[in-house]
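A.B. asks: If you scroll down you'll find the structure; I have some questions about it.
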Amino acid sequence: YQKTIDSGLLYYLQTDQTQGITVQRSDIVGLIIRRNELASDILKALVLQQLPPVLQRLSPS
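Each residue of the sequence shown is one higher than the last, beginning at 82 in the working numbering.
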């Protein structure tokens, strides 16, 4: 946890491409928070046998 991370990889599912990027600590913290939220939702789904609601895509205005 004490390692400095300043770069990473993005993988685009639609185009099957990978791109190297530079990152800031706040980017990594945000990703870890989202990962933990996803793990929590998956655990709840297993326990309650119920998935979270589907996100609605916003239509362009």
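Backbone N, C-alpha and C define an ideal beta-carbon position, used for all residues, glycine too.
#1: Just checking my contact of T99 with L91 at CB under 8 Å: how many whole Å lie between their CB atoms?
#2: Quick one, which of D108, L94, T96, Q95 has its alpha-carbon nearest D87's?
#3: Taking the continuous alpha helix (DSSP H) assigned at I86, which residues delimit it?
C.D. replies: In short:
#1: Yes, T99 and L91 are in contact; Cβ-Cβ is about 7 Å, under 8 Å.
#2: D108
#3: From DSSP, I86 is part of no alpha helix (DSSP H); its letter is neither H nor E.
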